[in-house]
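Engineer: Read top to bottom, the protein sequences are chains A and B. Using numbering that gives the first Met the number 0, the letters of the first sequence map in sequence onto residues 0 to 432. Using numbering that gives the first Met the number 0, the letters of the second sequence map in sequence onto residues 0 to 432. A virtual CB, placed ideally from N, CA and C, is assigned to each residue, including glycine. Computed from a predicted model, the values in this text were never measured in an experiment. My questions all concern the structure below.
Number of protein chains: 2
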Amino acid sequence: MVTGSCSGGARAVARCDQLGLAPYSDMMGGLYRAYLTPAHRATVDQVGGWMFEAGMSARIDPAGNLVGHYPGARSDAPALIIGSHLDSVRDGGCYDGPLGVMLGIECVAALHAAGRRLPFAIDVYGFGDEEGSRFPAAMLSSRAVAGTLDVDLMTIADTHGVPLADALRDFNAADDDEGVMQILETAPLGIAGFHKARRRTGHVLAYLEAHIEQGPALEADGLAVGTVTGIAAQLRYRVVVTGMAGHAGTTTMRLRRDPLAGAAAMVLSVEQLARADNSDVVATVGMIEALPGAPNVIPGEVRFTIDVRSGVETRRDTVAEQILDRIVEIADARDLDFAIERIHDLPASPCDAALMDLMDAALVAAGQSPRRLVSGAGHDAMNMAALCPTAMLFIRCKGGISHNPAEHVDPADADIALQVMLGFIERLAAKHA
Amino acid sequence: MVTGSCSGGARAVARCDQLGLAPYSDMMGGLYRAYLTPAHRATVDQVGGWMFEAGMSARIDPAGNLVGHYPGARSDAPALIIGSHLDSVRDGGCYDGPLGVMLGIECVAALHAAGRRLPFAIDVYGFGDEEGSRFPAAMLSSRAVAGTLDVDLMTIADTHGVPLADALRDFNAADDDEGVMQILETAPLGIAGFHKARRRTGHVLAYLEAHIEQGPALEADGLAVGTVTGIAAQLRYRVVVTGMAGHAGTTTMRLRRDPLAGAAAMVLSVEQLARADNSDVVATVGMIEALPGAPNVIPGEVRFTIDVRSGVETRRDTVAEQILDRIVEIADARDLDFAIERIHDLPASPCDAALMDLMDAALVAAGQSPRRLVSGAGHDAMNMAALCPTAMLFIRCKGGISHNPAEHVDPADADIALQVMLGFIERLAAKHA
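Laid out in structure tokens, this is it:
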């Protein structure tokens, strides 16, 4: 059985650090790597070089994804895709996305160093867009690979008015330079070929993604890694509570219909009901606004959002219904009017049960306590689930912080993740031998 | 005993309505009458004409106040000042301020029609600025009359950079035109003379102000008018609650330090503690903001304001202390940090006890149930209290609405107010006979 070098995970972390600065960032003094920008191109060229060193061929697919290929034992072998994204949010962290790509490369490097061929090929994907980092749509490139991309999205433009088609053309044209880029085959098909990034169902065995947790659960339990059970189902509401605006000095307490006091009771019930479910359900009020918004005026209207998530849709829906019922009760008791609009409803994307078992076994073999947790955030895996069974491994990140320059991963944790991923791959190989 | 014509109050209301449009407003399609603007000048000229018709001489004092004078029985008689303000907030209502001036004129009109001279003169003031309608300071003109104006305020300018001195000069220069303005003596002393608007202590017997309630208490009790016990003491705080920002999807409920949930509990306690005091204490959260403020992010910081008022300072302070104690408890229980800044502390300005008794007697004589209530809002009376004993009469306004075009006063209520004011004047005259 192949195990990674004891420093493979640490190297993956170091490479993420290296990619956190110019020329791999579009902003000075921080990391912002947007889809199809010069920083993205420089990153693809650099990471393509690392793929090559690891024993892979590398290409840029028609959606701007970097794809490293490590052949299987037989030429007609299906592929295991290991991937994550290379783009980042503005002023983001170095590990959200790239760490999964770097660990995929380390897996292949270890297998290649051992001369190991598997009953499946490994394709390492560095997806171009997951964060919606440049265009007003997220996860464009994993949706292209999974074949679930809406054709209408091909006409979108960035905030400067540059159409996706032009950005894609410029990205591919950058390949004329000298250096490591020459090792990359590119597919300058332009927008018409964007959909050619699609992989054929049946030829992809599974999708494996390692990603930082972006939450504090593993850290709280003292664990380096955990098996992801799926991407949580999301519901999002916009709530408007209307009462009676008034002078803060002249309106006696008993005559008030204060929508902010009502909204406060609602915010507390959101927290209380999610807690009371004592499950993976999370519910959050992230935005609140009181109008007209002056210290000496009782608000007439309050607006806030509610975000409810769970790995299990029915559980999410149960808590969401409890919250909405409570809002009705509170509004009735306080003689307030309200309007609730559902603005977002994303189904759950469960990871494959058999692959979760393989992951748990790999965790135990690597000396780790198995721990399953749901992903509250969306990941490329949720799109890849339309193509093949998916598996995800979460890696502890300091303080649960992400989308922030303070994002931090312990290299020792990345080493553990690498061992678990290799164990997962060997177990998958044994199953398909 | 002189009583007003049965329609004197209704005429006062109609005059307020007339002043709600051009040329008495600085904005189209609504009322905004700011201090020392063309609309203010047109208003002063028009109201000065009404003063003249009512049997008064009229002048503009050095602070831009319109002053009508009705002499007493003896030339050395002290004065009863009846006043309120002529300016308005932007897109305000017609009665907040002007109604008190118009009712003062009606009082004199009734006395003059009856040939009645009193042991005191009556000076009817139309204060130029109460709302802070133009300059970054409120109640400039009643403070000038009371002699409590800070000299530093003389250097202020409006949002267009026009200094108060220039505005005052232009206001006085407008007097060169023809028409009713000619009846007004003006005092074009400019900024240097602003303080000459001050009235001498001892020469002013009392100050009487009628004003719309700006709250719903009288309406709720089915009363047209009420005796004001004083201007409430105000405290205002700015509160910042800090927790831990996080991803709304990835941060489990038990690991959250959500400052918005904490702030919601604090907002509820503000309401609850003010209610529990079961007195005239009012407490309001009018502004709230959650940062960074995205539906999918647990806020890291929440900012809100607290406004606490009562006619009795100690009562206000007791409730404010209870609120601050509760904030500490909530923050401790939730492991949140907080900072509280006191940004405003205005002492109570009680009305004169003997004058309140006169007002109650006048109320009963006019067939009204006596009702005392505190003013949660500030009024010119609070400044005049530095000069002489003060009395205030509140008039019911529809829905408690003010600072809004929907502000409404029933003319019948204004008629009642006029009878009460005349009764008050007669009782004051009897006392000083």
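Checking contacts by CB at 7 Å: is G29 (chain B) closer than that to chain E?
Structural biologist: The question asks about chain E, but that chain is absent: this structure's protein chains are A and B.
Engineer: Answer with yes or no whether the minimum CB distance from R274 (chain B) to chain A is below 7 Å.
Structural biologist: Residue 274 (chain B) sits at position 275 when you count from the first residue of the second sequence. For R274 (chain B), the answer is yes, since a Cβ of chain A falls inside 7 Å of its Cβ.
Engineer: Beta-carbon separation of E208 (chain A) and A380 (chain A) under 7 Å?
Structural biologist: If you number the first sequence from 1, residue 208 (chain A) lands on position 209. If you number the first sequence from 1, residue 380 (chain A) lands on position 381. A contact, by the Cβ cut-off of 7 Å.
Engineer: Rounded to whole angstroms, what's the CA-CA distance from R142 (chain A) to L323 (chain B)? Just pull it up for me.
Structural biologist: Position 143 of the first sequence, counted from the first residue, corresponds to residue 142 (chain A). Position 324 of the second sequence, counted from the first residue, corresponds to residue 323 (chain B). Taking the straight line from one Cα to the other gives about 52 Å.
Engineer: Mapping the DSSP letters down to three states, classify L148 (chain B) as helix, strand or coil.
Structural biologist: Here the question's residue 148 (chain B) lines up with position 149 in the second sequence. Coil at L148 (chain B), not helix or strand.
Engineer: If L85 (chain A) sits next to G125 (chain A), beta carbons under 8 Å apart, how far is it from one beta carbon to the other, in whole angstroms?
Structural biologist: The count along the first sequence starts at 1 and reaches residue 85 (chain A) at position 86. The count along the first sequence starts at 1 and reaches residue 125 (chain A) at position 126. L85 (chain A) to G125 (chain A), Cβ: 4 Å. Contact.
Engineer: Between A:P215, A:H202, A:A361 and A:V280, which lies nearest to L386 (chain A) when the distance is taken from Cα to Cα?
Structural biologist: Stepping through the first sequence from its first residue, residue 386 (chain A) is reached at position 387. Here the closest residue by C-alpha is A:H202.
Engineer: Just to confirm the assignment, what range does the beta strand (DSSP E) spanning V307 (chain B) have?
Structural biologist: As a first step, residue 307 (chain B) must be located in the second sequence, where it is residue number 308. Note, V307 (chain B): beta strand (DSSP E), E300 to S309.
Engineer: List the residues that DSSP assigns as beta-bridge partners of L65 (chain A).
Structural biologist: Against the first sequence, residue 65 (chain A) aligns to sequence position 66. Partner(s): A:I59 and A:G125.
Engineer: Report the residues of the stretch 283–315 of chain B with a CB closer than 7 Å to any CB of chain A, ordered along the chain.
Structural biologist: Cβ contacts with chain A: T283, V284, G285, M286, I287, A289, G292, A293, P294, N295, V296, I297, P298, T304, D306 and R308.
Engineer: Note down, in chain order, every chain B residue with its Cβ under 9 Å from the Cβ of S87 (chain A).
Structural biologist: In the first sequence, counting from the first residue as 1, residue 87 (chain A) sits at position 88. Ordered by position in chain B, no residue passes the 9 Å Cβ test against S87 (chain A), which lies about 15 Å from the chain.
Engineer: Kindly indicate which residue of B:R308, B:C350, B:L259 and B:A364 has the alpha-carbon position closest to the one of V301 (chain B).
Structural biologist: Translated into positions along the second sequence, residue 301 (chain B) becomes position 302. Selected option, being the one with the closest Cα: B:L259.
Engineer: With a threshold of 16 other CB atoms inside 10 Å of the CB of G189 (chain A), please say whether the residue is buried or exposed.
Structural biologist: Start at 1 with the first residue of the first sequence, and residue 189 (chain A) comes out as number 190. It is exposed - the Cβ of G189 (chain A) has fewer than 16 other Cβ atoms within 10 Å.
Engineer: Would DSSP call F337 (chain B) helix, strand or coil?
Structural biologist: Taking the second sequence and counting its residues from 1, one reaches residue 337 (chain B) at position 338. F337 (chain B) falls in the strand class under three-state DSSP.
Engineer: Can you tell me whether P118 (chain B) is helix, strand or coil according to DSSP?
Structural biologist: What you label residue 118 (chain B) is simply residue 119 of the second sequence in a count that begins at 1. Coil, per DSSP.
Engineer: List the residues that DSSP assigns as beta-bridge partners of A413 (chain A).
Structural biologist: Mapped onto the first sequence, residue 413 (chain A) falls at position 414. In DSSP, A413 (chain A) forms no bridge with anything.
Engineer: Since E320 (chain A) meets chain B, which of its residues come closer than 8 Å, beta carbon to beta carbon?
Structural biologist: Position 321 of the first sequence holds residue 320 (chain A). In chain order: nothing, as chain B lies at least about 18 Å away.
Engineer: I'd like to know if the stretch 347–357 of chain B and the stretch 94–104 of chain B are in contact, where contact means that at least 3 CB-CB pairs between them fall below 8 Å.
Structural biologist: Verdict: no, contact absent.
Engineer: What is the DSSP secondary structure of R235 (chain A), counted as helix, strand or coil?
Structural biologist: Reading the first sequence from its first residue, position 236 is the one you call residue 235 (chain A). If DSSP states are grouped into helix, strand and coil, R235 (chain A) belongs with the strands.
Engineer: Which residue wins for smallest C-alpha separation from E281 (chain A), given the options A:G82, A:R89, A:A223 and A:E270?
Structural biologist: If you number the first sequence from 1, residue 281 (chain A) lands on position 282. Note on identity: in this sequence residue 281 (chain A) is Val, with Glu being the wrong assignment. The shortest Cα separation from V281 (chain A) among A:G82, A:R89, A:A223 and A:E270 belongs to A:E270.
Engineer: Indicate whether at least one CB of chain B lies closer than 7 Å to the CB of H246 (chain A).
Structural biologist: Start at 1 with the first residue of the first sequence, and residue 246 (chain A) comes out as number 247. Yes, H246 (chain A) counts as interfacial toward chain B.
Engineer: Would you mind giving the Cβ-Cβ distance between A413 (chain A) and A9 (chain A), rounded to the nearest angstrom? I have them listed as a contact below 8 Å.
Structural biologist: Along the first sequence, one-based indexing puts residue 413 (chain A) at 414. Along the first sequence, one-based indexing puts residue 9 (chain A) at 10. That pair is a contact at about 6 Å.
Engineer: What residues of chain B sit near R235 (chain A), judged by a beta carbon separation below 7 Å?
Structural biologist: Taking the first sequence and counting its residues from 1, the one referred to as residue 235 (chain A) is at position 236. Per Cβ cutoff of 7 Å: P294.
Engineer: Would you say A209 (chain A) faces chain B, with C-beta separation under 7 Å as the test?
Structural biologist: Stepping through the first sequence from its first residue, residue 209 (chain A) is reached at position 210. So no, A209 (chain A) is outside the interface.
Engineer: Helix, strand or coil for D344 (chain A) per DSSP?
Structural biologist: As a working note, residue 344 (chain A) is residue 345 in the first sequence. Reduced to three states, the DSSP call for D344 (chain A) is strand.
Engineer: Cβ closer than 7 Å: which chain B residues qualify as neighbours of A264 (chain A)?
Structural biologist: Against the first sequence, residue 264 (chain A) aligns to sequence position 265. Simply L267.
Engineer: What three-state label does DSSP hand H159 (chain A) in the structure shown?
Structural biologist: Counting from one through the first sequence, the residue named residue 159 (chain A) turns up at place 160. Coil.
Engineer: Is it buried or exposed, Q418 (chain B), if we count other Cβ atoms within 10 angstroms and call 16 or more buried?
Structural biologist: Your numbering for residue 418 (chain B) matches position 419 in the second sequence. Answer is buried; the Cβ neighbour count reaches 16.
Engineer: Quick one: measure Cβ to Cβ for G19 (chain B) and S401 (chain B), integer angstroms, because I've assumed they're closer than 8 Å.
Structural biologist: Indexing the second sequence from 1 puts residue 19 (chain B) at position 20. Indexing the second sequence from 1 puts residue 401 (chain B) at position 402. Between S401 (chain B) and G19 (chain B) the Cβ distance is about 14 Å, and since that is not below 8 Å, they are no contact.
Engineer: What's the C-alpha gap between L117 (chain A) and V123 (chain A)?
Structural biologist: Here residue 117 (chain A) corresponds to residue number 118 of the first sequence, with the count starting at 1. Here residue 123 (chain A) corresponds to residue number 124 of the first sequence, with the count starting at 1. Those two C-alpha atoms are separated by around 15 Å.
Engineer: Using beta carbons (cut-off 7 Å, strictly below), is Q181 (chain A) in contact with chain B?
Structural biologist: Taking the first residue of the first sequence as position 1, residue 181 (chain A) is located at position 182. With a pLDDT of 47 at Q181 (chain A), under the threshold of 50, the modelled position of this residue cannot be trusted; read the value that follows with caution. Not one chain B Cβ lies under 7 Å of Q181 (chain A).
Engineer: So is L417 (chain A) in contact with chain B if we call contact Cβ pairs under 7 Å?
Structural biologist: For the purposes of this step, residue 417 (chain A) is identified with residue 418 of the first sequence, where counting begins at 1. No, its Cβ sits nowhere closer than 7 Å to a Cβ of chain B.
Engineer: Under three-state DSSP, which class holds G7 (chain A)?
Structural biologist: Within the first sequence, numbered from 1, the residue matching residue 7 (chain A) stands at position 8. Residue state, collapsed to three classes: helix.
Engineer: The beta strand (DSSP E) spanning T228 (chain A) covers which residue range?
Structural biologist: Position 229 of the first sequence holds residue 228 (chain A). Here the beta strand (DSSP E) through T228 (chain A) covers V224 to I230.
Engineer: Going by alpha carbons, who is nearest to V240 (chain B) out of B:D336, B:L217 and B:K397?
Structural biologist: If you number the second sequence from 1, residue 240 (chain B) lands on position 241. The shortest C-alpha separation from V240 (chain B) is found at B:D336.
Engineer: In this structure, what does DSSP give as the bridge partners for H246 (chain A)?
Structural biologist: Sequence index remark: in the first sequence, residue 246 (chain A) carries index 247 (1-based). In the DSSP output, where bridge partners are listed per residue, H246 (chain A) has A:V296.
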